[in-house]
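Chain order of the listed sequences is A and B.
Per the working numbering, the very first residue in the first sequence carries number 1; after that it's consecutive.
Per the working numbering, the very first residue in the second sequence carries number 1; after that it's consecutive.
Glycine included, C-beta positions come from ideal geometry on N, C-alpha and C.
Please read the structure below before turning to the comments.
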Amino acid sequence: MTAPQIRQVLLHAGHNLRHSMRSGNGVTFVVFSTFVGLGLANLLLEPLELGLIEDLEEFQKNLARGIGMALAMASLRGPASTLGQLFDQGQLIDISQWAQFLVVQQPMILSATFLLFGLVMPLLIPLGSFATIAVDAESGAFRHLLTRTRRWTLVFGRFLGALLLTALVLCALVATVVIYIRVQIPIYTWEALISWGGRGLLALLALSIPYVALSVLVSASVKSPRTALLASVIVVAGVPLIAFSAQNAWEPLGKLLYLLPWAYSHQLLHPDLANGVLAALACFGHGVVFLLAAIWVFERRDL
Amino acid sequence: MAASDRPGGLTALALFNLAFAIGELFEGIGRLVQRYNTLRYIEGDLPGWMLGGRNRGPFDSGLSGEERFQMLSDVGPDTLLFLGVLSLGAALLLALSVRGLLNSRRLMGRWLATLGAAAMITAALLTVSWFPGVLLHDSGLALVRGIFYPLLLLAMVHTTFAKDLVR
Numbered sequence: 001m002t003a004p005q006i007r008q009v010l011l012h013a014g015h016n017l018r019h020s021m022r023s024g025n026g027v028t029f030v031v032f033s034t035f036v037g038l039g040l041a042n043l044l045l046e047p048l049e050l051g052l053i054e055d056l057e058e059f060q061k062n063l064a065r066g067i068g069m070a071l072a073m074a075s076l077r078g079p080a081s082t083l084g085q086l087f088d089q090g091q092l093i094d095i096s097q098w099a100q101f102l103v104v105q106q107p108m109i110l111s112a113t114f115l116l117f118g119l120v121m122p123l124l125i126p127l128g129s130f131a132t133i134a135v136d137a138e139s140g141a142f143r144h145l146l147t148r149t150r151r152w153t154l155v156f157g158r159f160l161g162a163l164l165l166t167a168l169v170l171c172a173l174v175a176t177v178v179i180y181i182r183v184q185i186p187i188y189t190w191e192a193l194i195s196w197g198g199r200g201l202l203a204l205l206a207l208s209i210p211y212v213a214l215s216v217l218v219s220a221s222v223k224s225p226r227t228a229l230l231a232s233v234i235v236v237a238g239v240p241l242i243a244f245s246a247q248n249a250w251e252p253l254g255k256l257l258y259l260l261p262w263a264y265s266h267q268l269l270h271p272d273l274a275n276g277v278l279a280a281l282a283c284f285g286h287g288v289v290f291l292l293a294a295i296w297v298f299e300r301r302d303l
Numbered sequence: 001m002a003a004s005d006r007p008g009g010l011t012a013l014a015l016f017n018l019a020f021a022i023g024e025l026f027e028g029i030g031r032l033v034q035r036y037n038t039l040r041y042i043e044g045d046l047p048g049w050m051l052g053g054r055n056r057g058p059f060d061s062g063l064s065g066e067e068r069f070q071m072l073s074d075v076g077p078d079t080l081l082f083l084g085v086l087s088l089g090a091a092l093l094l095a096l097s098v099r100g101l102l103n104s105r106r107l108m109g110r111w112l113a114t115l116g117a118a119a120m121i122t123a124a125l126l127t128v129s130w131f132p133g134v135l136l137h138d139s140g141l142a143l144v145r146g147i148f149y150p151l152l153l154l155a156m157v158h159t160t161f162a163k164d165l166v167r
């Protein structure tokens, strides 16, 4: 990549960031993501804030069981009843230790918040990136723009702009939740909250890469921004639904879940940092594949 | 600038302002009702059923009505009146700014939105500093939301849309 190309990519990134805010998509994404994110955190914080939890150890135990069950379902993808029995019988030792790590060794509310964010953010991310390409394809603006720039720099730059917007929203959300937990429930130290909050933020940033790239791919593939938004959300939500249904018919079809990071995203919060790094690399790989596909589609597109 | 040249972001901000104006309206009315009931509590005129109410539901603060009104009377009816009026003022400013934003007006759009956002932030910060923590436990993150959006609004009308709000 030459210096002028890097400059072009950065110009496209900045333009995409500004344009998404000016067009309203960015504003809507920021407001909705903030509200949904803070709402989810509020759901977890409220019982503690209101003093409804009289026995903190009992609450930790129940939360660890709930998180353990969720991790068992995400990792082993078996029927909930069977996994529940195995979990209660102490046969899922690794997962039980994982849940204990998240709930006992780390600030439990922050861990649960990150797990919930990991489930919900993929559905919100298309709101901020669905229009990256499709809006100009619909308006015909590319006819003028592409006389001065290469197609791949445009796709890559707009991807970076969308990723930057998502990263800013995630940073603001995590910082707010960390500060709020410290102020309202002062049972955790700043050190514990900041170190775990930092790891969770990095995990969420890694997780956002493939979903932003997927939205850009969809945006580059269709002409209408509305179709791009709908298609992105359907793909993100549809893959796990189809994978779980197909798995019931034929076990190997459950691997369809690997089409998106749903299959391994929970590993980002694994107690073993190596697992977390591997999962982050997998997210990055997924993102690269989607971005290359977006460039390939856009290079061949008749505009 | 013709209405059709208005950036979509301004339309989105106008709609959000309308939603938040309605929210602030209810917040203001709620504070005034709270003040009215606190005055009745101080005069010993409050019906008995309003003094009970511990553990009414999962989102109750666990305080009885009596404890809650005692704390509110410590906060003071005048403070409640001030906060109520401030929220109603914020609601009015935000509602008026909707039209200004849609018509790309500098005074009605940019500056009324600025004043509305400032009033929202002031109300949220004063509520946090004047109310005892236990009374805020069911609204803590709502207050954070009450600060988040106005900050975004301020940033938008003074940076991204500064050159659009000039009429």
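Thinking C-alpha only, which one of B/K163, B/T160, B/L152, B/L46 is nearest A/V31?
Position 31 of the first sequence holds residue 31 of chain A. With distances taken between Cα atoms, A/V31 lies closest to B/L152.
Taking B/S73 as the reference, give the member of B/L15, B/A162, B/G44 with the closest Cα.
As a first step, residue 73 of chain B must be located in the second sequence, where it is residue number 73. Cα-wise, what sits closest to B/S73 is B/G44.
Anything in chain A within Cβ reach of B/L13, meaning under 7 Å, just list it in chain order.
Residue numbering aside, residue 13 of chain B sits at position 13 when the second sequence is read from its first letter. Those are V27, listed as they occur along chain A.
Give me the Cα-Cα distance between B/A2 and A/F59, rounded to the nearest whole angstrom.
Sequence index remark: in the second sequence, residue 2 of chain B carries index 2 (1-based). Sequence index remark: in the first sequence, residue 59 of chain A carries index 59 (1-based). Reliability of the predicted coordinates at B/A2 is poor, the pLDDT of 46 falling under 50, and no value is obtained from them.
Sorted by chain position, which residues of the same chain lie with C-beta nearer than 6 Å to B/V98's C-beta, five sequence neighbours on each side aside?
Counted from its first residue, the second sequence places residue 98 of chain B at position 98. Once the five neighbours on either side are set aside, the close Cβ partners of B/V98 are A14, N17, L18.
Say whether chain A places a C-beta atom closer than 7 Å to the C-beta of B/G116.
Residue numbering aside, residue 116 of chain B sits at position 116 when the second sequence is read from its first letter. Not an interface residue.
Let me check understanding here. Comparing Cα to Cα, which of B/V144, B/F69, B/W111, B/R105 lies closest to B/V166?
Position 166 of the second sequence, counting from 1, holds the residue named residue 166 of chain B. It is B/R105 whose Cα lies nearest to the Cα of B/V166.
Helix or strand or just coil, what does DSSP make of A/W250?
On the first sequence, position 250 is the one that residue 250 of chain A refers to. Residue state, collapsed to three classes: coil.
Give a yes or no on whether the minimum CB-CB distance between B/G9 and chain A is below 7 Å.
Counted from its first residue, the second sequence places residue 9 of chain B at position 9. Chain A contact via Cβ: present.
Would you identify the three-state DSSP class for B/L96, choosing helix, strand or coil?
On the second sequence, residue 96 of chain B is found 96 positions in, with the first residue counted as 1. Three-state DSSP puts B/L96 in a helix.
What is the DSSP secondary structure of A/G26, counted as helix, strand or coil?
Taking the first residue of the first sequence as 1, we reach residue 26 of chain A at position 26. DSSP places A/G26 in helix when its eight states are reduced to three.
Interface flag, A/G128 vs chain B, CB-CB below 7 Å
Here residue 128 of chain A refers to the residue found at position 128 when the first sequence is read from its first residue. It does not: the Cβ of A/G128 has no partner Cβ on chain B nearer than 7 Å.
Using the Cα positions of A/T176 and B/A142, report the straight-line distance between them to the nearest angstrom.
Locating residue 176 of chain A in the first sequence gives position 176, counting from the first residue. Locating residue 142 of chain B in the second sequence gives position 142, counting from the first residue. Going from the Cα of A/T176 to the Cα of B/A142 covers about 12 Å.
Determine, for B/F20, whether the minimum Cβ-Cβ distance to residues of chain A falls below 7 Å.
Counting from one through the second sequence, the residue named residue 20 of chain B turns up at place 20. Chain A, which has no Cβ nearer than 7 Å to the Cβ of B/F20, makes this no.
Taking B/L112 as the reference, give the member of B/F148, B/L154, B/V75 with the closest Cα.
Looking up residue 112 of chain B in the second sequence gives position 112. Of the candidates B/F148, B/L154, B/V75, the one whose C-alpha sits nearest the C-alpha of B/L112 is B/L154.
Where A/N16 and A/V216 are concerned, what is the direct C-alpha to C-alpha distance, given to the nearest angstrom?
Within the first sequence, residue 16 of chain A is the residue found at index 16, counting from 1. Within the first sequence, residue 216 of chain A is the residue found at index 216, counting from 1. Cα to Cα, the separation comes out at about 12 Å.
A/I133 in three-state terms, based on DSSP:
Taking the first sequence and counting its residues from 1, the one referred to as residue 133 of chain A is at position 133. Correct three-state label for A/I133: coil.
Would the C-beta of A/I95 count as close to the ligand FAD, meaning under 6 Å from any of its heavy atoms?
With respect to the ligand FAD, the structure shown offers nothing to examine, as it has no ligands at all.
CB-CB length for B/L168 against B/A119, believed under 8 Å:
One cannot answer for residue 168 of chain B here, as it falls past the ends of chain B, which runs 1 to 167.
Along chain A, which residues have their Cβ under 8 Å away from the Cβ of B/M156?
Here the question's residue 156 of chain B lines up with position 156 in the second sequence. Within chain A, the residues M21, V27 have their CB atoms less than 8 Å from the CB of B/M156, given in chain order.
Taking buried to mean at least 16 other C-beta atoms within 10 Å of its own C-beta, is A/H144 buried or exposed?
Taking the first residue of the first sequence as position 1, residue 144 of chain A is located at position 144. Under this definition A/H144 is an exposed residue.
Please report the residue range of the alpha helix (DSSP H) in which A/M69 lies.
Walking along the first sequence from the start, residue 69 of chain A turns up at place 69. Here the alpha helix (DSSP H) through A/M69 covers 56 to 76.
Residues in the segment 158 to 177 of chain A with C-beta within 7 Å of chain B's C-beta atoms, listed in sequence order?
T176
Distance, Cα to Cα, B/R56 vs B/I42?
On the second sequence, position 56 is the one that residue 56 of chain B refers to. On the second sequence, position 42 is the one that residue 42 of chain B refers to. Annotation note: pLDDT 46 at B/R56 (below 50); position unreliable, no value reported.
Does the Cβ of B/E24 have 16 or more other Cβ atoms within 10 Å, making it buried, or fewer, making it exposed?
Your numbering for residue 24 of chain B matches position 24 in the second sequence. Buried, because 16 or more other Cβ atoms sit within 10 Å of the Cβ of B/E24.
Taking all protein chains shown into account, do 16 or more other C-beta atoms lie within 10 angstroms of the C-beta of A/P225, making it buried, or fewer, making it exposed?
Taking the first sequence and counting its residues from 1, the one referred to as residue 225 of chain A is at position 225. Buried, since its Cβ has 16 or more Cβ neighbours within 10 Å.
Just reading off the alpha helix (DSSP H) that B/M108 is part of, what are its end residues?
Translated into positions along the second sequence, residue 108 of chain B becomes position 108. Looking at the DSSP string, B/M108 is not in any alpha helix (DSSP H), and its letter there is neither H nor E.
So which residues of chain B does A/F35 contact, with C-beta pairs closer than 9 Å?
Sequence index remark: in the first sequence, residue 35 of chain A carries index 35 (1-based). By Cβ distance, chain B contributes R145, F148, Y149.
C-beta atoms of A/S157 and A/H12 nearer than 7 Å
Within the first sequence, residue 157 of chain A is the residue found at index 157, counting from 1. Within the first sequence, residue 12 of chain A is the residue found at index 12, counting from 1. What sits at residue 157 of chain A in the sequence shown is Gly, not Ser. Yes, the pair counts as a contact, with Cβ atoms nearer than the cut-off.
How would you write the range of the alpha helix (DSSP H) that A/R143 sits in, first residue to last?
Residue 143 of chain A sits at position 143 when you count from the first residue of the first sequence. Segment 142 to 145, the alpha helix (DSSP H) holding A/R143.
Short of 9 Å Cβ to Cβ, which residues in the segment 133 to 160 of chain A face chain B?
none
Terminal residues of the continuous alpha helix (DSSP H) containing A/W190?
By 1-based counting over the first sequence, the position of residue 190 of chain A is 190. Looking at the DSSP string, the run of the alpha helix (DSSP H) that includes A/W190 is 190 to 221.
Taking CB distances under 7 Å as the criterion, tell me whether B/T160 reaches chain A.
Counting from 1 along the second sequence, the entry for residue 160 of chain B is found at position 160. At least one chain A Cβ lies under 7 Å of B/T160.
Distance, A/S219 Cα to B/L102 Cα
In the second sequence, the residue the question calls residue 102 of chain B occupies position 102. In the first sequence, the residue the question calls residue 219 of chain A occupies position 219. Rounded to the nearest angstrom, the two C-alpha atoms are 28 Å apart.
If we define contact as Cβ-Cβ less than 7 Å, is A/G200 a contact residue for chain B?
Translated into positions along the first sequence, residue 200 of chain A becomes position 200. Not closer than 7 Å to any Cβ of chain B, the Cβ of A/G200 fails to qualify, so no.
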